[in-house]
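Residue numbers (the numbering used here): 553 to 1146.
We treat Cβ as the ideally placed atom computed from N, Cα and C, and that holds for glycine.
Computed from a predicted model, the values in this text were never measured in an experiment.
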């Protein structure tokens, strides 16, 4: 029996190097001139992997000595790779061919498999609990499995991770042994781990500032119960939760190192962001005119990470004030309560509306990408449109589901975004009616090249339960403008209605909506990009849209990236203009169109 013993550092280095070579060999790139020729390998897939492992030569060797050196280097890489794949009995011979070409003759033999597999734990004291079968079972290796270096390393990592997430939070790997038996072509593997102390979670404790948050609120965000086995994964999750608070700029969570005993407190350190922020923004388009917004933010209103936002709007089509108080993790983690109040004056070609509204919504994060919400809103409005002046009181109960799988909110390049909104409502006042407004939107992004992103958007809506003349003006459907179909006046794509006072037809809004956009976004440099786009849309008088009434527009744009999100400038023209449509429209704002 011939046995080879790989211990401690030597075994680790050899297995790690072999695993790295195995990863390198997975590259699909081909080469024309290999460093050396390979003979003796009948398996085509293995032979190709060996050629990929040794790589290609920059130029032929200048001397016989250099050719021999290349053959030896190639042979060493081949040997390491074969060992990483379990060929511990392989014969690898470096030599020169008849024309002094570097040559490696290989006889792989049969791959080795695992025989006996042992897992040993070293504890700091006899009274330290020892890991059970549930931890050892995480190894995932069985007798008869092929001896692969990468699998050995992964198995060891799985045990270590299981230990650190099950109370042995300071666990480390010990000296691993792989004993290869060439007579039976099997290996006996012994994995050793130093468990360290067995630790239970204690209460969070102030260790360097809580960013002025209430200690009870910080403790409530912990993803564990006091007395549970300490877990590195849960500590990391706790840090992510705290880092996600608007009030916090940096968060660090760890088991207190200077504590003793089995149950140990958790040190929490956080640095706050500035409590107040003032932001200004502006936009302009030939269809919507000028617009400006001043946003004042006060964070941590009641020391539970509440954020108050006050927006002052001043624009050609809408002016007023919008106030929102957002309370994250309200009563439970990942549940938020938002209260809002607004007063708006809207002046559009389709209607004039002065309104005051109050609302509340409760949202819950279902998964990393999915959020659902439900709320209630009340609004008092005075409307002046083609039907004349009316006073309407509206009560609505919006429900929404949002799936956001984009890789970026401001400038996505991959992923999907979907939004479904259902808003049952009723109105009182000069008219009484009940209705349901539904809107669905889907956006997709895909980088078809390193610097080109293809983006697409589809949006549809319908209004049921009441005639379009009976619902508030802002609940009807319109298309056209910078956020809809560029190239047309704001809200100009709409079924008209005869104004009872002027006797002229005016855009009034519809019961159905269909919109679609496609953009090709080219990022020319870090700061500069260009866009070509095609928009389409229509708003119909009936629930079933008549797509023959669709208006189309195309255009190009420039994107400037200052570091926080793109500033866009677009120019668009109608493709099937109607009488009176302007030939060109310009748009300047912050952020991508969608």
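Residue 793, enclosing alpha helix (DSSP H) - first and last residue: 784-795
Quick one: give me the first and last residue of the alpha helix (DSSP H) that residue 882 is part of. No alpha helix (DSSP H) contains residue 882, which DSSP labels as neither H nor E.
Leaving out the 5 sequence neighbours to the left and right, which residues in its chain are closer than 8 Å to residue 1032 when beta-carbon positions are compared? 839, 1040, 1041, 1042, 1043, 1044, 1045, 1046, 1089, 1103
Sorted by chain position, which residues of the same chain lie with C-beta nearer than 6 Å to residue 825's C-beta, five sequence neighbours on each side aside? 801
Taking residue 633 as part of the beta strand (DSSP E), name the residues at either end of that continuous run. Where residue 633 is concerned, there is no enclosing beta strand (DSSP E), although the alpha helix (DSSP H) it sits in stretches over 616-636.
For residue 852, count the other beta carbons within 10 Å of its own beta carbon; 16 or more makes it buried, fewer makes it exposed. Which is it? buried
Residue 1137 bridges to which residues according to DSSP? 1124
Within the stretch 764-845, ranges of the alpha helix (DSSP H) (whole runs, at least 4 residues): 767-772, 784-795
Per DSSP, residue 907 forms a beta bridge with which residues? 896, 933
Would you tell me roughly how many angstroms separate the C-alpha atoms of residue 568 and residue 631, rounded to the nearest one? Reliability of the predicted coordinates at residue 568 is poor, the pLDDT of 41 falling under 50, and the value obtained from them is presented with this limitation in mind. One C-alpha to the other measures close to 14 Å.
Residue 677 versus residue 745: straight-line alpha-carbon distance, rounded: 14 Å
For residue 1131 and residue 1038, what's the separation of their Cα atoms in angstroms? 17 Å
C-alpha gap between residue 820 and residue 828, whole angstroms: 24 Å
Is it right to say residue 1076 is buried, meaning 16 or more other beta carbons lie within 10 angstroms of its own, or is it exposed? exposed
So what does residue 1007 bridge to, in DSSP terms? 997, 1071
Residue 559: buried (16+ other C-beta within 10 angstroms of its C-beta) or exposed? Residue placement at residue 559 is poorly supported in this model, since its pLDDT is 37, which falls under 50; the coordinates still yield a value, given next. By the 10 Å Cβ count, residue 559 comes out exposed.
Taking just the CA atoms, how far does residue 1085 sit from residue 1146? 11 Å
Where residue 617 falls, given that 16 or more other Cβ within 10 Å makes a residue buried: exposed
Who are the Cβ neighbours of residue 690 in its own chain at under 6 Å, not counting the five residues just before and after it? 710, 711, 714
If you run the structure through DSSP and keep just helix, strand and coil, what is residue 1063? coil
Are the stretch 1013-1033 and the stretch 913-925 touching, with three or more C-beta to C-beta distances below 8 Å? no
Considering Cα atoms alone, identify which of 1068, 1069, 977 is closest to residue 1027. 977
Given this structure, state the Cα-to-Cα distance separating residue 763 from residue 638, to the nearest angstrom. 54 Å
Please return the same chain residues whose Cβ sits closer than 6 Å to the Cβ of residue 1057, not counting the five positions on each side in sequence. 1048, 1050
Specify, as a first and last residue, the run of the alpha helix (DSSP H) that residue 686 falls within. 685-688
Measuring CA to CA, which of 674, 1112, 1019, 756 is closest to residue 1151? In the structure as shown, the chain starts at 553 and stops at 1146, and residue 1151 therefore has no counterpart that could be examined.
What residues in its chain sit with their C-beta under 6 Å from that of residue 789, if we drop five residues either side in the sequence? 775
Please work out which residues of its chain come closer than 6 Å, Cβ to Cβ, to residue 897, disregarding the five sequence neighbours upstream and downstream, and give them in chain order. 871, 872, 906
Cβ neighbour criterion (16 or more within 10 Å) applied to residue 1052: exposed
Start-to-end residues for the beta strand (DSSP E) that takes in residue 677: Unbroken run through residue 677: none, as it is neither H nor E.
Measuring CB atoms only, is the stretch 981-989 touching the stretch 954-966, in the sense that at least three cross pairs come out at less than 8 Å? no
Using C-beta distances below 8 Å, list every residue in its chain close to residue 674, excluding the 5 sequence neighbours before and after it, in chain order. 726, 744, 745, 746, 747
Are the Cβ atoms of residue 693 and residue 702 separated by less than 7 Å? no
Cut-off 8 Å between Cβ atoms - residues of its own chain near residue 949, not counting five sequence neighbours on either side: 926, 927, 928, 929, 975, 976, 977
Quick one: what's got a C-beta closer than 6 Å to residue 993's C-beta in the same chain, skipping five residues either side? 971, 1011
Beta carbon of residue 880, beta carbon of residue 893: below 7 Å? no
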